[in-house]
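Note sheet for the following structure.
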Amino acid sequence: MSLSATPAWLANLDDEDLAFIRRFVLASGSMKEVAGEYGVSYPTVRLRLDRLIQKIRLGEQAESDPYVTLVRRLAVDGRVDVDTARVLIAAYRDAAKER
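The working numbering numbers the first residue of the sequence shown as 1134 and each following residue consecutively.
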């Protein structure tokens, strides 16, 4: 695959995400091994993997609105809780319909 053919979901990941994916693959998907390498608990690795999965899914969704994409990314990163993100997106879409 050439760099020009890099999938959007991959281009949206930061360096820490890519490093985590690399470690995870090199550990043959063993979260226990990755937890040992990072010096964290298994549940911490599971949470990070779950957030990474959400980021990848977000990157694959066809969302043309940058605001909605931003709010979803903030929720995935844990900077905004999921319920708040839903409220923000719903209010934004309602306001857009009224225009």
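Just so you know, even glycine gets a beta-carbon here, dropped at the ideal spot from N, CA and C.
Query: Quick one: Cα of Asp1210 to Cα of Asp1216, how far?; Result: 14 Å
Query: For the ligand COA, any of its heavy atoms closer than 7 Å to the Cβ of Lys1165?; Result: This structure simply doesn't include the ligand COA, nor any ligand for that matter.
Query: Given 8 Å as the limit, is there contact between the stretch 1162-1173 and the stretch 1195-1209, that is, 3 or more CB pairs closer than that?; Result: no
Query: Could you tell me which whole alpha helix (DSSP H) segments of length 4 or greater appear in the stretch 1204-1230?; Result: none
Query: Does Val1237 come out as helix, strand or coil in the three-state DSSP assignment?; Result: The first residue shown for the chain is 1134 and the last is 1232, placing residue 1237 beyond what the model contains.
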